[in-house]
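Just below is one structure, and these are the notes that go with it.
Residue numbers (this note's numbering), protein chains in the order written: chain W, 326 to 472; chain U, 1096 to 1274.
Below you can see the structure in the form of C-alpha cells.
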C-alpha cells in the first residue's frame, strides 16, 4: 500500500517541482535542463522503489503513476483553474519591437532563446516578427510580421 | 445512416493581445504565480538549511545524548531517525555497570521493532526476553566499554526507547522516525 502512495506522491511532487523549477522543456531544453530532469527522476526513484524490487511493486507503481496522470488530465479538463495551476497560461514575450521584461525574467529566458526560435522559423531578425509567445508546453511560438 | 457526434459552436472566449492575437494569456494569474514561486523558493531554501542542520535527521540537531543519573550508561543516539536509513546507537558503560567480568543491558522492544536493530557489536553472550524488552549480557573487563546497535527503522513514526543496566537507573527518550 505504501508503495502506491509513494509512487503517486513522487509523481505529483515531480510535476510540482518541474512547474516551480521552470517551464523550459520542449524545444528550449538544453543539456543544463536535461541534467535536472534526469537527476530529479533518479532521486525520486530510490525512495519510490525502496527495498521492494518485486514485479508486483513495479507494476502497481506504474499503474498508480498512470492513474495519477490520468486524474490530473481529467481534472485539468473539468476545472480550467486547475489546468492553469498545472500548466500555466501562454505569455507574450515579445510584442512589436518590445520585450516583455517581467515575463522574460520570471521564466529566466534570454533574447537568445527567442532568437533561436526566430531562426527556427526561417526568419533572420526580430523586426521580421510581431510576437513571440511562450506556450504552455514550454515552446516559444513566433508570429511573423503581417506583410 | 451516418452516425453524427454532438457539436457545439466555437466560443470566442480566449483573451487577445492588442485586440488581435488570441493567446489566452492571463498576466494577473501569472503575477500571482510568480509571487507564489518566490515564496516557495524561500521555503525551499529554509527547508534545505534545516535539513543540513539536521532537523529532519542525519545532522547536528538530530544527535542526542542521555546519561543515567548513576553514571551506569551513557547513550549516544539520534533523536530524529529516517525510514530505512542506517544509524548507530552507542552505549558506553560506567565502571559501576560491570560485575564479575560481565555487563548486562536491558533495552526496550521498540529499539528492536520500531527502530529496526540490525546488528549488535560486540555480539552479546546471551540475550533473553525480559519485561517487555530484551536483556543482553556482554563479557567485559575494564572500562571504558561500549556496545553499538546498528539501527535501520522499518517504519516511520514515534518510538519511545528505554535502556538500562538491571538494578540501576534507566534512561528513556522519544525518537521520531521521518518517513
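Ideal Cβ positions, reconstructed from N, Cα and C, are used throughout, including at glycine.
Which of helix, strand or coil DSSP assigns to residue 1199 (chain U): Position 104 of the second chain holds residue 1199 (chain U). Note: residue 1199 (chain U) maps to strand in three-state DSSP.
Put residue 1257 (chain U) into one of helix, strand or coil per three-state DSSP. Translated into the one-based positions of the second chain, residue 1257 (chain U) becomes position 162. Here residue 1257 (chain U) sits in strand by DSSP.
Mind listing which residues of the segment 393-412 of chain W have their C-beta closer than 7 Å to chain U's C-betas, in chain order? 409
Endpoints, beta strand (DSSP E) assigned at residue 1212 (chain U): Position 117 of the second chain holds residue 1212 (chain U). Element bounds for residue 1212 (chain U): 1212-1216.
Proximal residues of chain U, C-beta to C-beta of residue 415 (chain W) below 7 Å: Stepping through the first chain from its first residue, residue 415 (chain W) is reached at position 90. Simply 1118, 1119 and 1120.
Taking the beta strand (DSSP E) that residue 453 (chain W) belongs to, which residues open and close that run? Residue numbering aside, residue 453 (chain W) sits at position 128 when the first chain is read from its first letter. From DSSP, residue 453 (chain W) is part of no beta strand (DSSP E); its letter is neither H nor E.
Can you give me the Cβ contacts of residue 1228 (chain U) inside the same chain, cut-off strictly under 6 Å, excluding the 5 residues immediately before and after it? Indexing the second chain from 1 puts residue 1228 (chain U) at position 133. The residues are 1201, 1202, 1203 and 1204.
8 Å Cβ cutoff, residue 446 (chain W) in contact with chain U: For the purposes of this step, residue 446 (chain W) is identified with residue 121 of the first chain, where counting begins at 1. For residue 446 (chain W), the answer is no, since every Cβ of chain U falls outside 8 Å of its Cβ.
So residue 1129 (chain U) contacts chain W; which residues on that side make the cut at Cβ distance below 7 Å? Numbered from its first residue, the second chain carries residue 1129 (chain U) at position 34. Correct list: 431.
Among U:1251, U:1247 and U:1100, the one whose alpha carbon lies nearest that of residue 1180 (chain U): Along the second chain, read from residue 1 onward, the residue named residue 1180 (chain U) stands at position 85. Closest by alpha carbon: U:1247.
Going along chain U, which residues have a C-beta under 9 Å from residue 468 (chain W)? As a working note, residue 468 (chain W) is residue 143 in the first chain. The contacting residues are 1116.
Cα-Cα separation, residue 1258 (chain U) to residue 365 (chain W): Position 163 of the second chain, counting from 1, holds the residue named residue 1258 (chain U). Position 40 of the first chain, counting from 1, holds the residue named residue 365 (chain W). Cα to Cα, residue 1258 (chain U) sits roughly 41 Å from residue 365 (chain W).
Mind pulling the chain W residues with CB within less than 7 Å of residue 1124 (chain U)? Reading the second chain from its first residue, position 29 is the one you call residue 1124 (chain U). Per Cβ cutoff of 7 Å: 409 and 414.
Beta-carbon proximity of residue 1188 (chain U) to residue 1240 (chain U), cut-off 8 Å: On the second chain, residue 1188 (chain U) is found 93 positions in, with the first residue counted as 1. On the second chain, residue 1240 (chain U) is found 145 positions in, with the first residue counted as 1. Yes, these two residues count as a Cβ contact at 8 Å.
Are the CB atoms of residue 457 (chain W) and residue 418 (chain W) nearer to each other than 8 Å? Here residue 457 (chain W) corresponds to residue number 132 of the first chain, with the count starting at 1. Here residue 418 (chain W) corresponds to residue number 93 of the first chain, with the count starting at 1. Going by C-beta atoms, residue 457 (chain W) is nearer than 8 Å to residue 418 (chain W).
Locate the alpha helix (DSSP H) running through residue 401 (chain W), then write down its first and last residues. Counted from its first residue, the first chain places residue 401 (chain W) at position 76. First-last of the alpha helix (DSSP H) with residue 401 (chain W): 380-403.
So with Cβ pairs under 8 Å, would you call residue 1132 (chain U) a contact of chain W? Your numbering for residue 1132 (chain U) matches position 37 in the second chain. So, interface residue.
Contacts that residue 1179 (chain U) makes with chain W (C-beta to C-beta distance below 7 Å): On the second chain, position 84 is the one that residue 1179 (chain U) refers to. The contacting residues are 375 and 376.
Local Cβ density within 10 Å of residue 1126 (chain U), reported as buried at 16 or more and exposed below that: Residue numbering aside, residue 1126 (chain U) sits at position 31 when the second chain is read from its first letter. Taking all protein chains in view, the Cβ of residue 1126 (chain U) is surrounded by fewer than 16 other Cβ atoms within 10 Å, so the residue is classified as exposed.
For residue 414 (chain W), collect the residues of the same chain with a Cβ closer than 8 Å to its Cβ; drop the 5 residues on either side in sequence, then sort them by chain order. Taking the first residue of the first chain as position 1, residue 414 (chain W) is located at position 89. Shown here for residue 414 (chain W): same chain residues with a beta carbon closer than 8 Å to its own, the five before and five after excluded, namely 461 in chain order.
Bridge partners - residue 1273 (chain U), DSSP secondary structure assignment: Stepping through the second chain from its first residue, residue 1273 (chain U) is reached at position 178. U:1177, per the DSSP bridge assignment.
State the beta-bridge partners of residue 465 (chain W) as determined by DSSP. As a working mapping, residue 465 (chain W) is identified with position 140 in the first chain. Answer is W:459.
What residue from W:371, W:386 and W:341 has the CA that sits closest to residue 327 (chain W)'s CA? Mapped onto the first chain, residue 327 (chain W) falls at position 2. Taking only the C-alpha atoms, the option nearest residue 327 (chain W) is W:386.
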